[in-house]
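Have a look at the structure below before the remarks.
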Amino acid sequence: MIPSEGNPQVLILRNLAEVRAALQQARVSNFGIEIMQKKGLFRAVRVRDLDLRAANILKQEMLARGGEVAISREVYEWWGDKADCVIMGTLAQFEQLIEKLKAQPFGLRTL
12 MIPSEGNPQV LILRNLAEVR AALQQARVSN FGIEIMQKKG LFRAVRVRDL
62 DLRAANILKQ EMLARGGEVA ISREVYEWWG DKADCVIMGT LAQFEQLIEK
112 LKAQPFGLRT L
């Protein structure tokens, strides 16, 4: 729900329909909405017990797309064999990442 009063307004957009509605209310063209709607939906995804090498690749790939991956300390210290991480980005960034991961080793193809 987009608040009707106040300036600026913080929008909490939970799905593409809400993103489209916000863009329509801003009088964005239909062409612009198609281009931008997936950039307006932010997600954070937690992954547990990821191979350290995979976590490192995942961070690099998401950073290359403008997103972020918070990785556990084990990755930086190369300690242990598994790590947890939180992947953060827009729907558009996740879609680009998923395509790239299909060609990556260390369990990333099935992520």
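Quick note on numbering: the sequence shown equals residues 12 to 122 in our numbering. Where a beta carbon is used, it is the ideal one built from N, C-alpha and C, also for glycine.
According to the neighbour-count rule (16 or more other Cβ atoms, all chains shown, within 10 Å of its Cβ), is residue i buried or exposed?
{"i": "residue 110", "result": "exposed"}
{"i": "residue 80", "result": "buried"}
{"i": "residue 82", "result": "buried"}
{"i": "residue 107", "result": "buried"}
{"i": "residue 74", "result": "exposed"}
From the DSSP secondary-structure annotation, give me the bridge partner or partners of residue i.
{"i": "residue 93", "result": "62"}
{"i": "residue 56", "result": "98"}
Apart from the five residues on each side of it in sequence, which residues of its chain come closer than 8 Å, Cβ to Cβ, to residue i?
{"i": "residue 92", "result": "62, 63"}
{"i": "residue 31", "result": "44, 48"}
Suppose you measure from the CA of residue i to the CA of residue j; what does that come to, to the nearest Å?
{"i": "residue 23", "j": "residue 105", "result": "19 Å"}
{"i": "residue 78", "j": "residue 43", "result": "22 Å"}
{"i": "residue 54", "j": "residue 94", "result": "20 Å"}
{"i": "residue 2", "j": "residue 118", "result": "Nothing about residue 2 can be read from this structure; the chain reaches only from 12 to 122."}
{"i": "residue 72", "j": "residue 36", "result": "34 Å"}
{"i": "residue 102", "j": "residue 84", "result": "26 Å"}
{"i": "residue 33", "j": "residue 51", "result": "9 Å"}
{"i": "residue 41", "j": "residue 29", "result": "15 Å"}
{"i": "residue 59", "j": "residue 122", "result": "11 Å"}
Go to residue i, then tell me how far its beta strand (DSSP E) extends in each direction, as first and last residue.
{"i": "residue 126", "result": "Any answer about residue 126 is impossible in this case: the structure gives the chain only from 12 up to 122."}
So, at 7 Å on beta carbons, what are the nonlocal neighbours of residue i in its own chain, with the 5 sequence-adjacent residues on each side left out?
{"i": "residue 120", "result": "112, 113"}
{"i": "residue 67", "result": "86"}
{"i": "residue 65", "result": "117, 118, 119"}
Determine, for residue i, whether the minimum Cβ-Cβ distance to residues of chain D falls below 8 Å.
{"i": "residue 38", "result": "The displayed structure is made up of one protein chain only, and chain D is not part of it."}
Taking residue i as part of the alpha helix (DSSP H), name the residues at either end of that continuous run.
{"i": "residue 22", "result": "Careful: residue 22 lies outside any alpha helix (DSSP H) and carries neither H nor E."}
{"i": "residue 76", "result": "From DSSP, residue 76 is part of no alpha helix (DSSP H); its letter is neither H nor E."}
{"i": "residue 6", "result": "Limits of the chain in this structure are 12 at one end and 122 at the other, which puts residue 6 out of reach."}
{"i": "residue 42", "result": "41-47"}
Go through its chain and collect everything with a Cβ distance to residue i's Cβ below 6 Å, but skip five positions before and after it.
{"i": "residue 56", "result": "98"}
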